[in-house]
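S.K.:
Numbering (the UniProt record's numbering), first residue to last: 1 to 213.
(1) So residue 99 packs on residue 93, CB below 8 Å; how close in whole Å?
(2) Between which two residues does the alpha helix (DSSP H) holding residue 143 run?
(3) In this structure, how does DSSP classify residue 47 when only helix, strand and coil are distinguished?
(4) Pick helix, strand or coil for residue 207, following the three-state DSSP scheme.
(5) Between the stretch 74–86 and the stretch 149–167, do at least 3 Cβ pairs fall closer than 8 Å?
(6) For the stretch 50–74, which segments carrying the beta strand (DSSP E) assignment without a break, of at least 3 residues, lie completely within its bounds, in sequence order?
(7) When DSSP labels each residue in this structure, what does residue 187 get in the three-state scheme?
(8) In chain order, what residues of the same chain have a beta carbon less than 8 Å from the beta carbon of residue 63, not counting five sequence neighbours either side?
(9) Between residue 51 and chain B, is the shortest Cβ-Cβ distance under 8 Å, so that the two count as touching?
(10) Which of helix, strand or coil does DSSP assign to residue 158?
(11) What do you get for residue 22, buried or exposed, if any count of 16 or more other CB atoms within 10 angstroms of its CB means buried?
(12) So, do the stretch 30–42 and the stretch 118–137 have three or more beta carbon pairs nearer to each other than 8 Å?
(13) Expressed to the nearest angstrom, what Euclidean distance is found between the alpha-carbon atoms of residue 80 and residue 183?
(14) Label residue 84 either buried or exposed according to how many other C-beta atoms from any shown protein chain fall within 10 Å of its C-beta, with 16 as the threshold for buried.
(15) Indicate the three-state DSSP secondary structure (helix, strand or coil) for residue 29 in the structure shown.
So this is what it looks like as structure tokens:
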């Protein structure tokens with residue numbers, strides 16, 4: 001397996017030397033010239049994987065990736081990743097980029113909070129499943145918020161089952177988004193709010209209020 005050249009390795013906090021190519025701003029996003037332009041703009045050595053995630057998120061949202069935009073997305077998603085986030089690192093990285101593009105908090109802590117709230121809404125689901133559903137929702141211009149992603153995950157598990165391959169997600173997520181939108185539209189017409197899951201543990205009762213004397 002070929003290794004990345006020493007000078008290409010991300011070194012956080014170190015400035016990137018100016019790119020000698022005047023056409024770097026217009027280079028293909030997968031080119032070295034574009035990578036160097038992103039690093040120059042960011043002021044630190046953004047990794048090729050971070051650039052790829054940012055480019056994908058920007059293109060998914062219908063935008064055009066420029067070094068400035070990519071640098072902003074990479075900076076917004078930057079931070080110390082937990083051990084948990086080192087598993088399925090590419091999925092976590094893509095979620096951070098998507099959250100940044102949608103104007104949401106996107107650092108690693110925010111990513112973990114997003115997945116946790118989505119799982120609570122779904123009732124079950126591994127990190128990998130929640131991440132994959134969230135990314136497919138974003139790819140379909142769906143609602144990228146924890147509650148919606150969780151409810152879509154719950155619909156998929158109920159209607160497709162546990163065997164959610166990439167092909168199944170691609171095929172069924174648009175259907176799940178449509179089902180969620182119908183449910184919410186019906187709730188609005190009837191003047192009621194969609195039911196929300198309680199985070200309280202089963203069988204646990206709230207402590208009675210004390211009367212003021």
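The beta carbon of each residue, even a glycine, is placed where N, CA and C say it ideally should be. No experiment lies behind these values; they were computed from the predicted model shown.
M.R.: Let me lay it out:
(1) So it is not a contact: roughly 11 Å between Cβ atoms.
(2) Run containing residue 143: none; DSSP gives neither H nor E here.
(3) coil
(4) At residue 207, the pLDDT of 47 sits below 50, so the modelled position is not reliable and the matter cannot be decided from this model.
(5) no
(6) none
(7) helix
(8) 69 and 101
(9) Checking the listed chains, one finds no chain B in this structure; it contains a single protein chain.
(10) helix
(11) Its pLDDT being 43, under 50, residue 22 is placed unreliably in this model, and the coordinates cannot settle the point.
(12) no
(13) 38 Å
(14) exposed
(15) coil
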